[in-house]
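Those sequence lines, one after another, are chains A and B. The numbering of the first sequence is the working numbering, which starts it at 433 and goes up by one. The numbering of the second sequence is the working numbering, which starts it at 63 and goes up by one.
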Amino acid sequence: MTTLEPTAGPAIVQQDNLAALESEAIHIFREVAGEFDRPVILFSGGKDSTLLLHLAIKAFWPAPVPFPLLHVDTGHNFDEVIEFRDRVVEKHNLRLVVAKVQDWIDDGRLEERADGMRNPLQTTPLLDTIADNKFDAVFGGGRRDEERARAKERIFSLRNSFGQWEPRRQRPELWNLYNGRHRPGEQVRVFPLSNWTEADVWNYIARENVELPSIYYAHQRAVYQRDGMWLTEGPWGGPRAGEEVQDLTVRYRTVGDGSCTGAIESTATTVGDVIAEVSASRLTERGATRADDRMSEAAMEDRKREGYF
Amino acid sequence: MSSLLRLATAGSVDDGKSTLVGRLLYDTKSVLADQLDAVTRASVDKGLSTPDLSLLVDGLRSEREQGITIDVAYRYFATPKRSFVLADTPGHVQYTRNTVTGASTAQLAVLLVDARKGVIEQTRRHAAVLALLGVPQLVLAVNKIDLVDYDEATFAVIAKEFATHAESLGYRTGSVTTIPVSALQGDNVATKSGRTPWYTGPTLLEHLENVPVAPDPHEAAFRFPVQYVIRPRTPEYPDYRGYAGQIAAGTVRPGDEIAVLPQGLRTRVERIDTADGPLDEAGAGTSVTLLLADDLDISRGDLIATADRQPRVTDELAATLCWLSAKPLKPGARVLVKHGARTVQAIVEELTARFDEQTLSSVDSPDSLALNDIGRVRIRLAEPLGVDDYTDSPRTGAFLVIDPKDGDTLAAGLVGDRFP
């Protein structure tokens, strides 16, 4: 008979929640820099990818971030976001690779959808660009709290040579020892924000004073309603006949393709206001009010959009 | 600022684990309206008058669960006191793989038993795996207490039997908590139950919020795997050379004498850098960059340790493996060992023993290790590593065994002689 001796346990000093999440994300960035040849950060200018970049800068300071950024551009952009993207790239002296969905449509590799939505069209330009640049590790801002599938995804998520996730080939992820081994043509998607929740993201943005595109905060905007969402006018085909444009005070919870990213009515002009709003929306989520529906649809949209990555 | 607790669940699906996890998410308001609506609708369809909270968890999984026999999902909830990352290890309890994966990062494990069945084979197996991995705190949730009429005597028998088992695994009294719950009714999960007046302890959630998380022992020796060398070569920082990593154990201060392994070089810490400025002291779990007094040849994979208590440098490991692959392990297997930030080639020379989690006894010199087996092995390394026993320093005593052909993770490895 052999007796087991429990140990002192995992050697984790109790840091506060955000400090622990930050240290974990920095560890992941450095691990990828050490193990892969050609990593890239997916960067849309949205809050999650802005946070990714902020953490990458901290991980390698005072050296520059050793990875380029990759933006899959649907062409249905918010001007404020593109302006923000370009400003951030210039400020930190980064290299930006842009894969424009329009280019794929123009030369016939993709066909415009009847509904005009370009979100589903992003996958091909993404995979082509990964292959052309021989990127072997692709950072994404995905979080496990976003959606059901994500709850099961690893921090290092192996993709086959078609870029597909094979749940059967998921590796157990033990301690903080990440296994980045892959065969030629395979890639690893890496999610440093896996263990962050939406509340963590906003609290960290507040604490670190991270700048975001202005559309995350309340502003006046001409919008029209479609499928329960407030959409803004733009090249994505709106408003259609019968869709009435109104001036509202709104903000965005997420940024992305303008054809399917809805604004919410909000007066939150500061990070603190947004945090309060997010907390309040949790409370009202228990009773299904109309405002609530709209809120959770925006959350759903957030997940769907980011699910592509 | 709230703290973070990482916990894992263990136990059979039949014991009501899904309902308990669903109840925790529900009672901490971690459920979105659309999710709850779906559960309520599905419950009404089943003819139930109240939402079946197990659907909250099972429903979330269903899409991905198809085709995945064994896996872990991570779930998040928070109270004003603490944030929680819960590694939810689903059914198929005959597999230790789930438990190993979830427990490797857990500071606490909630083990479920059915009050009608008490401590069963799976309870003992899981408790043994949790002890092996050094999970410092155990909670035995005696669930379905409503189905034994909230009987104190039934609870007492189970609590006593488990305490004895846990003690034989090396758990001291203060690190094991037993709570009577009904996940279905909500008794003692987040709300104190009026139907168990004989139970004076905390609810499960109270316990999770208040349990002291074993801090890195103050006397733990400093360990720092070098992940990456930071050399800006920019006009502002022409000569900067920093060694970046996450502190695996202990604390470090400027001026500390350190050794670099496996080379055996010695020098002093000059500065502890972060993007937010230098630190006077940094402890385990913190990602930092060390600047050293001498210009040494140090690269990714080296291990920096306190000079007066160094890990041993060896090219032969006596270790315990939790075998996680369907491909069995045979003596002579060529593998990769990933330890800290270093990956080396290795040969598993000998299978010394296979462990039986039920009897806590071992079988000598087995022919092979199969999926979910726990065994003792002797491994020869192509290059020396600086290692600690897992019991002394889990982060520098743990390693992965990787298949060099396809890169799959084959086993969780724990350095040391003190395991079976």
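Just so it is clear, CB atoms sit at the ideal spot from N, CA and C, and this is done for glycine as well.
Same chain, Cβ closer than 7 Å to residue i, neighbours up to 5 away in sequence not counted
{"i": "B:A313", "result": "Sequence check: residue 313 of chain B is Thr here, not Ala. If we look at B:T313 and ignore the five residues flanking it on each side, its Cβ neighbours are F284, E343, A344 and G345."}
{"i": "B:H227", "result": "V181, R186 and A189"}
{"i": "B:G317", "result": "R330 and V331"}
{"i": "A:R718", "result": "Confidence in A:R718 is poor, its pLDDT being 26 and thus under 50, which makes the residue's placement unreliable; the coordinate value appears in the next sentence. Cβ within range, chain order: n/a, list empty."}
{"i": "B:L358", "result": "V322, L327 and T329"}
{"i": "A:K736", "result": "Interpretation of A:K736 is limited by its pLDDT of 33, a score under 50 that renders its predicted location unreliable; the figure taken from the coordinates is listed afterwards. Here the set comprises nothing."}
{"i": "A:E469", "result": "Here residue 469 of chain A turns out to be Asp, not Glu, going by the sequence shown. Excluding sequence neighbours, A:D469 sits near D568."}
{"i": "A:P496", "result": "N525"}
{"i": "B:P446", "result": "P324, V375, T376 and D377"}
Nonlocal neighbours in the same chain, by C-beta distance under 8 Å from residue i, ignoring five residues either side
{"i": "A:G477", "result": "H503, V513, I514, F516, R517, V520, P645 and V687"}
{"i": "B:E223", "result": "G180 and V181"}
Option nearest residue i by Cα separation, candidates the options
{"i": "B:I509", "options": "B:D426, B:T414, B:T421 and B:S424", "result": "The question about residue 509 of chain B has no answer here: the residues shown for chain B are numbered 63 through 482."}
{"i": "B:L67", "options": "B:L270, B:W260 and B:L192", "result": "B:L270"}
{"i": "B:D377", "options": "B:D213, B:L391, B:T405 and B:S237", "result": "B:T405"}
{"i": "B:I320", "options": "B:Y299, B:P113, B:R362 and B:R371", "result": "B:R371"}
{"i": "B:V243", "options": "B:P446, B:D454 and B:L86", "result": "B:L86"}
{"i": "B:S145", "options": "A:R653, A:I473 and A:A452", "result": "A:A452"}
{"i": "B:Y302", "options": "B:A355, B:D77 and B:A460", "result": "B:A355"}
{"i": "B:N62", "options": "A:P604, A:P616 and A:V464", "result": "The structure shown does not extend to residue 62 of chain B, since chain B is modelled only from 63 through 482, so no value can be given for it."}
{"i": "B:A195", "options": "A:W607, A:V529 and A:S593", "result": "In the sequence under discussion, the amino acid at residue 195 of chain B is Leu, which differs from the Ala named in the question. Ranking A:W607, A:V529 and A:S593 by Cα distance to B:L195 puts A:W607 first."}
{"i": "B:R159", "options": "B:A474, B:R480 and B:I241", "result": "B:A474"}
{"i": "B:D479", "options": "B:T453, B:G469 and B:V463", "result": "B:T453"}
{"i": "A:I707", "options": "A:A673, A:W634, A:E675 and A:H508", "result": "A:W634"}
{"i": "B:S430", "options": "B:K389, B:K400, B:D89 and B:G459", "result": "B:K389"}
{"i": "A:G572", "options": "A:I647, A:S589 and A:E467", "result": "A:S589"}
{"i": "A:P498", "options": "A:P552, A:L528, A:A673 and A:D679", "result": "A:L528"}
{"i": "B:T368", "options": "B:V147, B:F286, B:F217 and B:G437", "result": "B:F286"}
{"i": "A:F510", "options": "A:E709, A:P494, A:R653 and A:D659", "result": "A:R653"}
{"i": "A:L553", "options": "A:Q534, A:V570, A:A563 and A:D564", "result": "A:Q534"}
Burial state of residue i, where buried means 16 or more other Cβ atoms lie within 10 Å
{"i": "A:N449", "result": "buried"}
{"i": "B:R234", "result": "exposed"}
{"i": "A:K482", "result": "Before going further, note that residue 482 of chain A is Thr rather than Lys in the sequence given. Looking at its Cβ environment, which holds 16 or more other Cβ atoms inside 10 Å, A:T482 is buried."}
{"i": "A:R591", "result": "buried"}
{"i": "B:T262", "result": "exposed"}
{"i": "A:A700", "result": "buried"}
{"i": "B:Q407", "result": "exposed"}
{"i": "A:E456", "result": "buried"}
{"i": "A:F623", "result": "buried"}
{"i": "B:P456", "result": "buried"}
{"i": "B:S361", "result": "exposed"}
{"i": "B:L110", "result": "exposed"}
{"i": "A:W662", "result": "buried"}
{"i": "A:T561", "result": "buried"}
{"i": "A:K584", "result": "buried"}
{"i": "B:A395", "result": "buried"}
{"i": "B:K400", "result": "buried"}
Pair within 7 Å by beta-carbon distance, residue i and residue j
{"i": "B:R416", "j": "B:V425", "result": "yes"}
{"i": "A:D577", "j": "A:T629", "result": "yes"}
{"i": "B:Q289", "j": "B:A403", "result": "yes"}
{"i": "B:P466", "j": "B:L398", "result": "yes"}
{"i": "B:V375", "j": "B:G448", "result": "yes"}
{"i": "B:N205", "j": "B:L173", "result": "no"}
{"i": "A:D505", "j": "A:V530", "result": "yes"}
{"i": "A:N611", "j": "B:T163", "result": "no"}
{"i": "A:S698", "j": "A:A638", "result": "no"}
{"i": "B:A252", "j": "B:T81", "result": "no"}
{"i": "A:L487", "j": "A:I473", "result": "no"}
{"i": "A:H508", "j": "A:G690", "result": "yes"}
{"i": "B:A381", "j": "B:L476", "result": "yes"}
{"i": "B:I241", "j": "B:L200", "result": "no"}
Own chain partners of residue i with C-beta closer than 6 Å, once the 5 adjacent residues on each side are dropped
{"i": "B:D150", "result": "T71, V83, A135 and R137"}
{"i": "A:K479", "result": "L644"}
{"i": "A:I537", "result": "E544"}
{"i": "B:E125", "result": "With a pLDDT of only 36 at B:E125, under the threshold of 50, the placement of this residue in the model should not be trusted, and no figure is reported."}
{"i": "B:P274", "result": "none"}
{"i": "B:Q325", "result": "none"}
{"i": "B:D450", "result": "P373, T458 and G459"}
{"i": "A:A730", "result": "Because the pLDDT at A:A730 is just 33, under 50, the model does not fix this residue reliably, and the point stays unresolved."}
{"i": "B:A306", "result": "Q289, Y290, I292 and T351"}
{"i": "B:L383", "result": "G437, V439, A473 and G475"}
Residue i Cβ short of 6 Å to the ligand NAP heavy atom set
{"i": "B:R303", "result": "By its list of ligands, the structure shown contains no ligand whatsoever, and the ligand NAP lies outside what it can speak to."}
Exercise. Could you name the residues of the stretch 335-357 of chain B whose beta carbon sits closer than 9 Å to any beta carbon of chain A, in the order they occur along the chain?
Key: D335, T336, A337, D338, G345, A346, G347, T348, S349, V350 and T351
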